[in-house]
Amino acid sequence: MSCQFVQESISGYLDRQLAQQERDLVGRHVSVCDECAGRLARITHLRENLRSMPQARAPRTLAFDLQVLASKEYLRRQQTGSISALAHFWSGRMRLWVDNLMRPLALPFAGGLASALFIFGTLVPNLGALHNSANDRPTALLTEATGR
Ligand SMILES: [Zn+2]
C-alpha cells in the first residue's frame with residue numbers, strides 16, 4: 645500500500661468510513677511507516693483541538709435563509725428541467741414583462757381616449773351651428789361695390 649493512498653485515506657480512517665479491509669491495511673501501514681504515522685497523529689491532534697473549540701452559534705436567520713435558497717433552487721430546477729417546463733417558464737416571464745409594460749400605459753391611454761371622446765362629443769353639435777349655410781353667398785362670385 646502506497647503512502648499517498650494511506651495519507652488520502654486518513655480522514656476516512658478516522659471517521660470510520662473505510663471498509664474493514666482497507667481500515668486494516670491503513671492501520672498496518674501506519675504501524676510501520678513513520679511519515680504516515682506522523683500525519684495520522686497531526687490530523688488526530690488537529691481534530692481534537694477543533695472539537696475543543698467553543699461552537700459558534702449560527703445566525704438566527706440562517707435556517708430561514710437556507711430554506712429560501714433551497715426553495716429558489718428547487719423552483720429553478722422545476723422551471724428548467726424539461727422543454728415544456730422551460731417553455732412554461734419563459735411564457736410566464738413574457739406575460740409578466742407585457743403586464744409590467746402595459747399597466748403604466750393602460751390608464752393614461754384609457755383616460756386620453758375617454759377625454760377625446762367627451763370633447764369630440766360636446767363640440768360636434770356646436771360645430772354644426774357655426775356652419776349654417778342657408779344665407780351664405782359665394783364670395784368668389786361677388787363683385788366690388790360701385791359707388792353710385
Ligand atoms: Zn506511509
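Each residue of the sequence shown is one higher than the one before, starting from 645 at the first, in the working numbering.
Note that beta-carbon positions come from the ideal geometry of N, C-alpha and C, so glycine has one too.
The model shown is predicted, which means the values in this text are computed figures rather than measured ones.
Judged by beta-carbon spacing, Ala729 lies within the 7 Å limit of Gln723, meaning their Cβ atoms are closer than that value.
Contact between Met645 and His673 holds, since their C-beta atoms are separated by about 5 Å, short of 8 Å. Just so you know, the alpha carbons of Glu679 and Gln699 end up roughly 32 Å apart.
The continuous alpha helix (DSSP H) containing Thr688 extends over residues 678 to 696.
Setting aside the 5 residues that flank it on each side, Ser653 is surrounded in the same chain by Leu662, Glu666, Val670, each with a C-beta closer than 7 Å to its C-beta; the list follows chain order. At least one heavy atom of ligand 1 lies less than 6 Å from the C-beta of Val650. Annotation for Ser715: the continuous alpha helix (DSSP H) segment containing it runs 706 to 723. The Cβ atoms of Gln651 and Arg683 sit closer than 7 Å to each other. Across the structure, Glu692 and Gln711 are spaced so that their CA atoms are roughly 32 Å apart. The closest heavy atom of ligand 1 lies less than 6 Å from the beta carbon of Glu679. When rounded, the separation of the alpha-carbon atoms in Gly656 and Val676 is 19 Å.
Across the structure, Asn744 and Met738 are spaced so that their CA atoms are roughly 10 Å apart.
Counting only the Cα atoms, Ala702 lies some 17 Å from Arg695.
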